[in-house]
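If you're matching positions, the sequence shown starts at 1 in the working numbering and goes up one per residue. Built from N, CA and C at the ideal position, the CB exists for glycine as well. Quantities reported herein were computed from a predicted structural model and do not represent experimental measurements. One structure below.
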Amino acid sequence: MEPGNINLSSHLGSCFRQVNLSRAGQLSSPWFSTAFAFLGLGSNLFAFCVLVSSSRKMHNRSRSSFLVFLCGLVVTDFMGLLVTASVVVPYHLIRFNWTEVDPGCHLCNFMGLAMVFFGQCPLLLGATMAAERFLGINRPFSRSTSMSKRRAWTLVVLVWTLGFSMGLLPILGLGNYSLQFPNSWCFLTLLHDAKNMAFSLIFALLGIFCVSLSFILNTVSVVTLCRVYHDSESVQRRRDSEVEMMVQLVGIMVIASVCWLPLLIFIAQTALQEQPAGLDVNQVPQQTQTLLLIYVRVATWNQILDPWVYILFRRAVLKRIYPSLKTRPSIISLYPVLNTSLRRKFTQESVLH
């Protein structure tokens with residue numbers, strides 16, 4: 001495909017618009033995309049194997065439900081890389097012509113839906129995990145028992161359903177997915193018509209809300225754990241499993257914030273800005289196209305780094321760094337005014353294997 005501005009015929013699908021490819025060679029490389037995909041897939045596959053092995057040995061119900069959420073996150077990241085790489089890598093290797101391969105925009109719509117689904121789900125899962133840990137640490141008796149694996153998987157499926165429903169919106173008419181610079185991927189359209197602006201803002205604001213909610217809930221949970229840790233009776237009160245889960249959850253939150261907030265803020269700002277003068281209605285400024293590609297690549301690092309949070313921040317690894325980390329009683333001891341039978345019930349459910 002020759003560089004330059006592509007003027008597309010009106011009979012093609014709505015995903016095609018004017019895309020400037022004069023700088024495509026500077027930002028596209030088959031080796032970068034391939035190495036990026038294999039690194040992410042390998043990392044998530046390794047983390048999934050470790051999670052499955054840990055889950056089989058786990059008898060702590062609270063920890064088991066947290067492992068379910070982590071499994072859901074790893075599966076989401078793995079499938080996200082697999083689906084998007086199956087389109088991007090072949091394009092960079094053979095440079096197929098989208099107007100010939102996908103004139104009806106079916107493949108482009110599928111990839112756009114995948115980008116939205118696999119982009120929002122990790123943020124939604126992060127917020128769900130933060131809420132679950134917040135209740136587990138700050139309101140341990142608001143639930144009669146710890147969350148079961150079945151209920152945790154139900155929440156994961158609900159998150160996937162919400163992400164999929166959001167990805168369907170452009171296909172159902174709220175905005176549209178379009179081919180993005182350098183012609184290797186599809187995503188939401190940063191045009192200034194009402195429908196595309198609405199969907200862009202929904203995508204960006206929902207993501208920012210999830211990151212913000214995770215930050216607030218995790219901060220409160222960490223403060224609670226720190227208060228227990230520094231209490232005069234901390235030797236009896238600390239519980240390593242809560243500390244381990246919060247370390248992992250905070251790591252996931254930090255990575256999501258660093259990787260995703262630049263893209264989400266950029267999309268929101270672009271949607272709220274006025275249409276630049278001198279451009280066609282169906283045209284996005286070249287600088288906007290380039291920045292979008294860069295921010296999406298930064299966001300994709302989230303899928304590569306997420307699995308390493310669990311791999312590196314497991315208790316076995318943390319004990320090597322901090323040898324004094326030992327198994328201690330449950331967070332239940334924060335609430336000593338309980339009858340003996342109730343205390344025994346909760347402590348047995350949260351005892352570490």
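Anyone know if the C-beta pair for residue i and residue j falls short of 7 Å?
{"i": "residue 87", "j": "residue 44", "result": "no"}
{"i": "residue 264", "j": "residue 208", "result": "yes"}
{"i": "residue 255", "j": "residue 196", "result": "no"}
{"i": "residue 15", "j": "residue 111", "result": "no"}
{"i": "residue 210", "j": "residue 127", "result": "yes"}
{"i": "residue 69", "j": "residue 129", "result": "yes"}
{"i": "residue 253", "j": "residue 218", "result": "yes"}
{"i": "residue 89", "j": "residue 34", "result": "yes"}
{"i": "residue 114", "j": "residue 156", "result": "no"}
{"i": "residue 81", "j": "residue 37", "result": "yes"}
{"i": "residue 204", "j": "residue 267", "result": "yes"}
Helix, strand or coil, according to DSSP, for residue i in the structure here?
{"i": "residue 234", "result": "The pLDDT assigned to residue 234 is 45, lower than 50, so where the model puts this residue is not dependable, and the model offers no usable value."}
{"i": "residue 15", "result": "coil"}
{"i": "residue 214", "result": "helix"}
{"i": "residue 178", "result": "strand"}
{"i": "residue 279", "result": "coil"}
{"i": "residue 48", "result": "helix"}
{"i": "residue 125", "result": "helix"}
{"i": "residue 249", "result": "helix"}
{"i": "residue 78", "result": "helix"}
{"i": "residue 191", "result": "coil"}
{"i": "residue 105", "result": "coil"}
{"i": "residue 327", "result": "Note on residue 327: pLDDT 49, under 50, position unreliable in the model; no value is reported."}
Between the C-alpha atoms of residue i and residue j, what's the straight-line distance to the nearest angstrom?
{"i": "residue 13", "j": "residue 99", "result": "9 Å"}
{"i": "residue 125", "j": "residue 286", "result": "34 Å"}
{"i": "residue 54", "j": "residue 245", "result": "13 Å"}
{"i": "residue 109", "j": "residue 95", "result": "19 Å"}
{"i": "residue 159", "j": "residue 121", "result": "6 Å"}
{"i": "residue 17", "j": "residue 102", "result": "14 Å"}
{"i": "residue 334", "j": "residue 228", "result": "Because the pLDDT of residue 334 is 45, which lies under 50, any placement of that residue in the model is unreliable, and the number read from its coordinates should be weighed accordingly. Cα-Cα distance, rounded: 8 Å."}
{"i": "residue 40", "j": "residue 224", "result": "34 Å"}
{"i": "residue 165", "j": "residue 313", "result": "33 Å"}
{"i": "residue 273", "j": "residue 192", "result": "8 Å"}
{"i": "residue 308", "j": "residue 78", "result": "13 Å"}
{"i": "residue 398", "j": "residue 123", "result": "With the chain covering only 1 through 353, there is no way to say anything about residue 398."}
{"i": "residue 251", "j": "residue 284", "result": "35 Å"}
{"i": "residue 50", "j": "residue 277", "result": "54 Å"}
{"i": "residue 304", "j": "residue 177", "result": "25 Å"}
Compute the beta-carbon to beta-carbon distance between residue i and residue j, rounded to the nearest angstrom, for a pair I have assumed lies under 8 Å.
{"i": "residue 242", "j": "residue 137", "result": "6 Å"}
{"i": "residue 189", "j": "residue 173", "result": "At roughly 13 Å, the Cβ-Cβ gap does not stay under 8 Å, so residue 189 and residue 173 are not in contact."}
{"i": "residue 259", "j": "residue 298", "result": "6 Å"}
{"i": "residue 359", "j": "residue 289", "result": "An answer regarding residue 359 cannot be provided, because it is not within the stretch 1 to 353 covered by the chain."}
Quick one, which of the options has its alpha-carbon nearest residue i's?
{"i": "residue 116", "options": "47, 157, 213 and 168", "result": "168"}
{"i": "residue 93", "options": "280, 299, 184 and 214", "result": "184"}
{"i": "residue 182", "options": "171, 91 and 276", "result": "91"}
{"i": "residue 220", "options": "178, 134, 177 and 170", "result": "134"}
{"i": "residue 275", "options": "31, 222 and 194", "result": "194"}
{"i": "residue 271", "options": "42, 154, 294 and 201", "result": "201"}
{"i": "residue 248", "options": "139, 177, 180 and 306", "result": "306"}
{"i": "residue 153", "options": "163, 119, 212 and 64", "result": "64"}
{"i": "residue 118", "options": "76, 105 and 279", "result": "76"}
{"i": "residue 261", "options": "215, 151 and 226", "result": "215"}
Please determine whether the Cβ atom of residue i lies at a distance below 6 Å from any heavy atom of the ligand MG.
{"i": "residue 31", "result": "Among the components modelled here there is no ligand, and therefore nothing to report on the ligand MG."}
When you compare the CB of residue i with every CB in chain D, is at least one pair closer than 7 Å?
{"i": "residue 227", "result": "Among the chains in the structure shown there is no chain D, since it carries only a single protein chain."}
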